[in-house]
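Enquirer:
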Amino acid sequence: MNGIDIHGWSALTRLLLRTSRLTLTLWPLLIGVLAFVTARSVSGLYDTPEKRALYAQTVTGSAVQAAFNGRAYDVTGVGGIAVYELGFYSLLVFPAIAVHMAVHLTRSQEDAGRLDILTASRLGRTAPLAAAFALLAAALGGTGVLTWAGLTAAGLPAVGSAWFAAATVASMAFFAALGVVAAQVAQDARGAHGLGGAQQRRHHRDGLGVMAGLYLVRAAVDGRGWNATWVSPSGWFPETRPFGDTASWPLVAYAAGALALAALAAVLNVRRDLGAGLVVPRPGPPRGAAALGTPFGLTWRLNRGALLAWMVGIAVWEGIFGSLTREMRAMIERNPGLREYFGVTGSPDDLMTSMAALMGALLAAGVGIQVVGRLAGEEIASRAAVVMAAPVSRVRWWAGAVGVALTQAGVVALVGGVALGVGAWMSTGDAAYLRRAPAWALAYLPAVALVTAAAAVVAATRPRWHAAGWAVFGWVLTVAMLAGTLRMSPALRGTSPQEHVGRIPAEPLDVAGVVIMAAVSVALLAASAALFRRRDLAA
Numbered sequence: 334m335n336g337i338d339i340h341g342w343s344a345l346t347r348l349l350l351r352t353s354r355l356t357l358t359l360w361p362l363l364i365g366v367l368a369f370v371t372a373r374s375v376s377g378l379y380d381t382p383e384k385r386a387l388y389a390q391t392v393t394g395s396a397v398q399a400a401f402n403g404r405a406y407d408v409t410g411v412g413g414i415a416v417y418e419l420g421f422y423s424l425l426v427f428p429a430i431a432v433h434m435a436v437h438l439t440r441s442q443e444d445a446g447r448l449d450i451l452t453a454s455r456l457g458r459t460a461p462l463a464a465a466f467a468l469l470a471a472a473l474g475g476t477g478v479l480t481w482a483g484l485t486a487a488g489l490p491a492v493g494s495a496w497f498a499a500a501t502v503a504s505m506a507f508f509a510a511l512g513v514v515a516a517q518v519a520q521d522a523r524g525a526h527g528l529g530g531a532q533q534r535r536h537h538r539d540g541l542g543v544m545a546g547l548y549l550v551r552a553a554v555d556g557r558g559w560n561a562t563w564v565s566p567s568g569w570f571p572e573t574r575p576f577g578d579t580a581s582w583p584l585v586a587y588a589a590g591a592l593a594l595a596a597l598a599a600v601l602n603v604r605r606d607l608g609a610g611l612v613v614p615r616p617g618p619p620r621g622a623a624a625l626g627t628p629f630g631l632t633w634r635l636n637r638g639a640l641l642a643w644m645v646g647i648a649v650w651e652g653i654f655g656s657l658t659r660e661m662r663a664m665i666e667r668n669p670g671l672r673e674y675f676g677v678t679g680s681p682d683d684l685m686t687s688m689a690a691l692m693g694a695l696l697a698a699g700v701g702i703q704v705v706g707r708l709a710g711e712e713i714a715s716r717a718a719v720v721m722a723a724p725v726s727r728v729r730w731w732a733g734a735v736g737v738a739l740t741q742a743g744v745v746a747l748v749g750g751v752a753l754g755v756g757a758w759m760s761t762g763d764a765a766y767l768r769r770a771p772a773w774a775l776a777y778l779p780a781v782a783l784v785t786a787a788a789a790v791v792a793a794t795r796p797r798w799h800a801a802g803w804a805v806f807g808w809v810l811t812v813a814m815l816a817g818t819l820r821m822s823p824a825l826r827g828t829s830p831q832e833h834v835g836r837i838p839a840e841p842l843d844v845a846g847v848v849i850m851a852a853v854s855v856a857l858l859a860a861s862a863a864l865f866r867r868r869d870l871a872a
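In our numbering, the protein residues as written are 334 to 872.
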């Protein structure tokens, strides 16, 4: 059928629920737990009016806080502080989860070949899409309930908690619909997720790419204090002001946008063939380069497009935050007491640049994890077995592929350092940043290598568990963003590799920590090669 036909959607919904129940329950549960833990910690950390007043004085007008967490509203109360501490997650991480769930329920099912079998029966053309939307609605509804329950269990007012939960659901619904649209446009799930190949990257943006772009637009607007929060959907979320003078227009805007994107996805769905995307990658050259005959060259080619996207993304990210250096300096100079609050002992510029350098290292680690995941995917799809049918040993193939992960992570880190230096130089006029910022990025490479090596060990042990590498990434991100708020112990903070580098340039480089991490990384990489060599290939 050529039109909208959802016949059989209920049976398909039950089937998808059975095969995707872990994804649909784990993410809402984690979001609810994070809301509870954050609100509970904030209640104990800012338990007096004086502490809350100091917090409000600190974050209000802070360029770095506004860029990362959005605009601060009603931060003189525990509820407003808890919402603001969750700002980075609400504006970037939760939308990314929504995109992931949307692509998993749509394009990933096509790539796995499940819909080919199901649509051969009496199943409407758009029934899979209707089933995906139904499950997304259920998952987001559960997210809202668990978020509200977590905040109220921590002692926050029920009404304000309900507003925050509603804003979370509305924002995630918008970005989930965006993910479904990306699933119709992209050639495969990897492209829709933001892990597409080079040819696809030349033709379109995927869901995560658009989402990250919207976040960066908001970061620039909020960091510079421009009166244009309406420009980016990422900027709508804080405007709900859950624990203050609440506003409903962001919820209406999110709902209208989600409905429009859902309608667009339905139209696009009936205009494409099953298993195909609206944007078809162009054919490759008739003859491959000689480098494709090596494991390193082949893996590099498979991840070349994703590398380009990461490079552009981190350059924009670090450039924006580097350009806010002068604003942060002026804020600290106006209020010298903020030096002690933020722990700044050197130049006022160190607060912005150290946070930007840390986030650049996190993004570089994400590159390494992504390449390792692609490596596991090649094995699961049996394409690695074809390569190793030639005179290529397992260790050589593994070493070449993991070498690409480390190299591309290093390239992205260096690009981020250069962009940070350029942004800080243009902001302050100090050309020394052009030399110092790349050095800061390189100092984090042992930590980046350690995270990548840990992901490699997981993939070498069991390739279908490669997503556990992103769990490591999520933990490192949580330590970086919420360690103080959650009152993590030094031992718990020490589980994050980035903590053993030192918050350079605000803190001196921990040479011993860097050397130890480099040694551990080498040991883990060697162990991953040994594990891969000793087991059977996955099929």
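Cβ atoms here follow ideal geometry from the backbone N, Cα and C, with glycine treated the same way.
Since this is a predicted model, take the numbers as computed values, not measurements.
Expressed to the nearest angstrom, what Euclidean distance is found between the alpha-carbon atoms of residue 518 and residue 641?
Expert: Taking the sequence shown and counting its residues from 1, the one referred to as residue 518 is at position 185. Taking the sequence shown and counting its residues from 1, the one referred to as residue 641 is at position 308. Approximately 20 Å, taken between the alpha carbons.
Enquirer: So what does DSSP say about residue 339, is it helix, strand or coil?
Expert: On the sequence shown, position 6 is the one that residue 339 refers to. Residue 339: coil per DSSP, three-state reduction.
Enquirer: Based on Cα-Cα distance, which residue from 779, 748, 810, 816 lies nearest to residue 856?
Expert: Looking up residue 856 in the sequence shown gives position 523. Minimum Cα distance to residue 856 is reached at 779.
Enquirer: Identify, in the order they occur along the chain, each residue of the same chain with its Cβ nearer than 8 Å to the Cβ of residue 701, setting aside the five sequence neighbours on each side.
Expert: Here residue 701 is taken as the residue at index 368 of the sequence shown, counted from 1. If we look at residue 701 and ignore the five residues flanking it on each side, its Cβ neighbours are 738, 739, 741, 742, 781, 782, 784, 785, 788.
Enquirer: Determine, using beta carbons only, whether residue 749 and residue 576 come nearer to each other than 8 Å.
Expert: Translated into the one-based positions of the sequence shown, residue 749 becomes position 416. Translated into the one-based positions of the sequence shown, residue 576 becomes position 243. Not closer than 8 Å, so no.
Enquirer: With distances taken from CA atoms, which of 365, 751, 628, 697 is nearest residue 723?
Expert: One-based indexing of the sequence shown puts residue 723 at position 390. Ranking 365, 751, 628, 697 by Cα distance to residue 723 puts 628 first.
Enquirer: Determine, using beta-carbon pairs with one atom in the segment 462 to 478 and one in the segment 590 to 604, whether at least three such pairs fall under 8 Å.
Expert: Result yes; three or more Cβ-Cβ pairs closer than 8 Å.
Enquirer: Report yes or no: is there a C-beta of chain C within less than 8 Å of the C-beta of residue 786?
Expert: In the structure shown, chain C does not exist; there is a single protein chain.
Enquirer: Count the other CB atoms within 10 Å of the CB of residue 385; is the residue buried (16 or more) or exposed (fewer)?
Expert: Your numbering for residue 385 matches position 52 in the sequence shown. Flag for residue 385 reads buried.
Enquirer: If you count every other CB in all the chains shown that lies within 10 Å of the CB of residue 712, and 16 or more means buried, which is it?
Expert: As a first step, residue 712 is located in the sequence shown; it is residue number 379 there, counting from the start. Label assigned to residue 712: buried.
Enquirer: According to DSSP, simplified to helix, strand and coil, what is residue 433?
Expert: Here residue 433 corresponds to residue number 100 of the sequence shown, with the count starting at 1. It is helical.
Enquirer: According to the neighbour-count rule (16 or more other Cβ atoms, all chains shown, within 10 Å of its Cβ), is residue 354 buried or exposed?
Expert: Taking the sequence shown and counting its residues from 1, the one referred to as residue 354 is at position 21. So residue 354 counts as exposed.
Enquirer: Would you report the Cα separation of residue 716 and residue 481, rounded to the nearest angstrom?
Expert: Numbered from 1 along the sequence shown, position 383 holds the residue referred to as residue 716. Numbered from 1 along the sequence shown, position 148 holds the residue referred to as residue 481. Distance between the alpha carbons of residue 716 and residue 481: 46 Å.
Enquirer: Does residue 579 come out as helix, strand or coil in the three-state DSSP assignment?
Expert: On the sequence shown, residue 579 is found 246 positions in, with the first residue counted as 1. Here residue 579 sits in coil by DSSP.
Enquirer: Taking the alpha carbon of residue 472 as the reference point, which residue from 660, 506, 495, 492 has its own alpha carbon closest?
Expert: Numbered from 1 along the sequence shown, position 139 holds the residue referred to as residue 472. The residue with the shortest Cα to Cα distance from residue 472 is 506.
Enquirer: Let's test the definition: count the other Cβ atoms within 10 Å of the Cβ of residue 402 and tell me whether it reaches 16, buried, or not, exposed.
Expert: On the sequence shown, residue 402 is found 69 positions in, with the first residue counted as 1. Buried, because 16 or more other Cβ atoms sit within 10 Å of the Cβ of residue 402.
Enquirer: By the 10 Å Cβ neighbour count, where 16 or more other Cβ atoms means buried, how is residue 728 classified, buried or exposed?
Expert: Along the sequence shown, read from residue 1 onward, the residue named residue 728 stands at position 395. It is exposed - the Cβ of residue 728 has fewer than 16 other Cβ atoms within 10 Å.
Enquirer: Leaving aside the five residues before and after residue 636 along the sequence, list all residues of the same chain whose C-beta is less than 7 Å from its C-beta, in chain order.
Expert: Start at 1 with the first residue of the sequence shown, and residue 636 comes out as number 303. These residues qualify, in order along the chain: 704, 707, 737, 741.
Enquirer: Check the C-beta distance from residue 501 over to residue 427 and give it rounded, since I have them as a contact under 8 Å.
Expert: Sequence index remark: in the sequence shown, residue 501 carries index 168 (1-based). Sequence index remark: in the sequence shown, residue 427 carries index 94 (1-based). So it is a contact: roughly 6 Å between Cβ atoms.
Enquirer: Mind checking residue 687: buried by the 16 CB within 10 Å criterion, or exposed?
Expert: Start at 1 with the first residue of the sequence shown, and residue 687 comes out as number 354. Buried.
Enquirer: For the alpha helix (DSSP H) holding residue 563, just list the boundary residues, first then last.
Expert: Along the sequence shown, read from residue 1 onward, the residue named residue 563 stands at position 230. Unbroken run through residue 563: none, as it is neither H nor E.
Enquirer: Report the option in 579, 732, 488 whose CA atom is closest to the CA atom of residue 633.
Expert: Taking the first residue of the sequence shown as position 1, residue 633 is located at position 300. Among 579, 732, 488, the Cα nearest to that of residue 633 is on 732.
Enquirer: Among 441, 513, 388, 440, whose alpha-carbon lies nearest the alpha-carbon of residue 874?
Expert: Because the chain spans 334 through 872 in this model, residue 874 falls outside it and cannot be assessed.
Enquirer: What does the Cβ neighbour count give for residue 559, buried or exposed, with the cut at 16 atoms within 10 Å?
Expert: The residue labelled residue 559 in the question sits at position 226 within the sequence shown. With fewer than 16 Cβ atoms within 10 Å of its Cβ, residue 559 is classed as exposed.
Enquirer: Comparing C-alpha positions only, which one of 431, 338, 497, 359 sits nearest to residue 413?
Expert: The residue labelled residue 413 in the question sits at position 80 within the sequence shown. Here the closest residue by C-alpha is 497.
Enquirer: Distance check for residue 658 and residue 797, CA to CA, integer angstroms please.
Expert: Walking along the sequence shown from the start, residue 797 turns up at place 464. Walking along the sequence shown from the start, residue 658 turns up at place 325. In a straight line, the C-alpha of residue 797 is about 43 Å away from that of residue 658.
Enquirer: Round the Cβ separation of residue 774 and residue 648 to the nearest angstrom and send it over; I've been treating them as touching at under 8 Å.
Expert: Position 441 of the sequence shown, counted from the first residue, corresponds to residue 774. Position 315 of the sequence shown, counted from the first residue, corresponds to residue 648. About 12 Å; that fails the 8 Å criterion.
Enquirer: Would you identify the three-state DSSP class for residue 438, choosing helix, strand or coil?
Expert: Looking up residue 438 in the sequence shown gives position 105. Here residue 438 sits in helix by DSSP.
Enquirer: At what residues does the alpha helix (DSSP H) containing residue 402 begin and finish?
Expert: Numbered from 1 along the sequence shown, position 69 holds the residue referred to as residue 402. Run containing residue 402: 396 to 402, per the alpha helix (DSSP H) assignment.
Enquirer: Which class does residue 756 belong to by DSSP, given the choice of helix, strand or coil?
Expert: Start at 1 with the first residue of the sequence shown, and residue 756 comes out as number 423. The answer is helix: DSSP assigns residue 756 an H, G or I state.
Enquirer: Inspect the beta-carbon positions of residue 467 and residue 346 and report whether they are closer than 8 Å.
Expert: Translated into positions along the sequence shown, residue 467 becomes position 134. Translated into positions along the sequence shown, residue 346 becomes position 13. Closer than 8 Å, so yes.
Enquirer: Which first and last residues belong to the alpha helix (DSSP H) in which residue 686 is found?
Expert: Here residue 686 is taken as the residue at index 353 of the sequence shown, counted from 1. It spans 683 to 713 - the alpha helix (DSSP H) in which residue 686 sits, taken as one unbroken run.
Enquirer: What does the alpha-carbon distance come out to for the pair residue 860 and residue 790?
Expert: Within the sequence shown, residue 860 is the residue found at index 527, counting from 1. Within the sequence shown, residue 790 is the residue found at index 457, counting from 1. One C-alpha to the other measures close to 7 Å.
Enquirer: Work out the CA separation of residue 339 and residue 809 for me, nearest whole Å.
Expert: Working through the sequence shown from its first residue, we reach residue 809 at position 476. Working through the sequence shown from its first residue, we reach residue 339 at position 6. Each residue's alpha carbon lies about 42 Å from the other.
Enquirer: Give the C-beta separation of residue 756 and residue 651 to the nearest angstrom, bearing in mind that I take them to be a contact with Cβ-Cβ under 8 Å.
Expert: In the sequence shown, the residue the question calls residue 756 occupies position 423. In the sequence shown, the residue the question calls residue 651 occupies position 318. Confirmed, about 7 Å.
Enquirer: Helix, strand or coil for residue 831, going by three-state DSSP, please let me know.
Expert: Against the sequence shown, residue 831 aligns to sequence position 498. If DSSP states are grouped into helix, strand and coil, residue 831 belongs with the helices.
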